[in-house]
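Asker: This is the structure I have questions about; it appears just below.
Residue numbers (our numbering), protein chains in the order written: chain E, 46 to 223; chain B, 20 to 212.
Listed below in structure tokens is the structure:
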């Protein structure tokens, strides 16, 4: 039970951190010119590295927390970055032209255009991180918690689906801050 | 302040689009850049905006200026309005000192009453161009660059838009691109071959 709760909390925290980092890196003023995708998969690279280190090095329950957090961080960050990449390049150029040279004004984020991608990646991150958590527990010898880990993954999937529906109802109310 | 495009050349896929184009945009100037389709009008504006780099030549900012780039009010060849937002919201978002209410009042100078509060997806193509024109004109800018701003408009809509642009000119230089025969009735003409 404790493992399940920790999985849900760690995965939610990892998803949020992955989203925030990718949104920050994908701000229009930074991306309107040329930003290779390599730069924007930094969350993925950082996540893989830290996840591997966490699973290898951490003892006991910390192994679970860290592996779940970073797997969620990685998957969500990648999905968000991909969503940002697909965002309308034309709008990015518009923001770049209108908002420079005063770079303090570059805070417009076309959230409605990439919300679906963010939520979708969070939906995937939940079960994936639960599976990683189960693997981490298995590696630590705690096999009885695997069913609960799977339950945690399903719970995260349901929570993300509810969030997606809620966001759909509120879509078009903005995401712009200039 | 003068914006100077000096001997600007640009190729696309090995073909020359712009060849040694020089253009001075000084305070108060109004320039219609005239050229046929694919003559490089959009490329020239995009280079001045900083969205692309010239293959040869440069764009210089002459005179004392605080930043290393200048404020631009732009009308792009395609609208580039933010979907999911109203016309007034689209105009207001480019100027943080501008409220949606004031943006709506400005839009009513060109658009029918009540249109400003409609999502931009519900506007006609000509109305969207008008929103773009007002968005470009309403912000304090060092230059206004408009790429075929009257595309899709009837003669009446075009005249109304030109009158609006003329009314808000002040000393801000204005450059528009257009096809032959569509030059502004004021200012000078620059032909791209």
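Backbone N, C-alpha and C define an ideal beta-carbon position, used for all residues, glycine too. In this text the structure is predicted, and so the values were computed from the model without any measurement.
Which of the three DSSP states, helix, strand or coil, is assigned to residue 49/B?
Answerer: Strand at residue 49/B.
Asker: Residues of chain B with CB closer than 8 angstroms to the CB of residue 182/E, please, in chain order.
Answerer: Within chain B, no residue comes near residue 182/E; the closest Cβ sits about 43 angstroms away, beyond 8 angstroms.
Asker: Run the CB neighbour count on residue 115/E, radius 10 Å, all protein chains shown included, and call it buried at 16 or more, exposed below.
Answerer: That one is buried.
Asker: Whose C-beta lies closer than 7 angstroms to the C-beta of residue 94/B among residues of the same chain, with five residues either side of it excluded?
Answerer: If we look at residue 94/B and ignore the five residues flanking it on each side, its Cβ neighbours are 151, 152, 155, 165, 166 and 168.
Asker: Within the continuous alpha helix (DSSP H) that includes residue 167/B, where are the two ends?
Answerer: Counting along the chain, residue 167/B falls outside any alpha helix (DSSP H), and DSSP gives it neither H nor E.
Asker: Please go through the same chain and pick out, in chain order, the residues whose beta-carbon is closer than 7 angstroms to the beta-carbon of residue 198/E, but skip the five residues on each side of it.
Answerer: These residues qualify, in order along the chain: 171, 172, 175 and 176.
Asker: Using the Cα positions of residue 211/B and residue 195/B, report the straight-line distance between them to the nearest angstrom.
Answerer: C-alpha separation (whole angstroms): 13 angstroms.
Asker: Below 9 angstroms between beta carbons: does that hold for residue 136/E and residue 148/B?
Answerer: In this structure, residue 148/B does not lie closer than 9 angstroms to residue 136/E by Cβ.
Asker: Okay, do the region 58–77 of chain B and the region 22–31 of chain B touch, 3+ Cβ pairs below 8 angstroms being the bar?
Answerer: Counting Cβ pairs under 8 angstroms, three or more are found: they touch.
Asker: Does residue 197/B get closer than 9 angstroms to chain E when you measure Cβ to Cβ?
Answerer: So no, residue 197/B is outside the interface.
Asker: Taking the alpha-carbon positions, what's the residue 152/E to residue 179/E distance?
Answerer: Only weak support is given to the placement of residue 152/E: the predicted model assigns it a pLDDT of 42, under 50, and the value that follows is read from those uncertain coordinates. Those two C-alpha atoms are separated by around 39 angstroms.
Asker: Check residue 172/E in the structure and name its three-state DSSP category.
Answerer: If DSSP states are grouped into helix, strand and coil, residue 172/E belongs with the helices.
Asker: What's the C-alpha gap between residue 95/E and residue 143/E?
Answerer: Distance between the alpha carbons of residue 95/E and residue 143/E is about 39 angstroms.
Asker: Determine the burial state of residue 57/B: buried for a count of at least 16 other Cβ atoms within 10 Å of its Cβ, exposed for fewer.
Answerer: Flag for residue 57/B reads exposed.
Asker: If you follow the beta strand (DSSP E) that residue 76/B is part of, which residue opens it and which one closes it?
Answerer: It spans 75–81 - the beta strand (DSSP E) in which residue 76/B sits, taken as one unbroken run.
Asker: CA-CA distance, residue 32/B and residue 43/B?
Answerer: Rounded to whole angstroms, residue 32/B to residue 43/B spans 28 angstroms at the Cα level.
Asker: Beta carbon of residue 59/B, beta carbon of residue 40/B: below 9 angstroms?
Answerer: Cβ atoms of residue 59/B and residue 40/B: closer than 9 angstroms.
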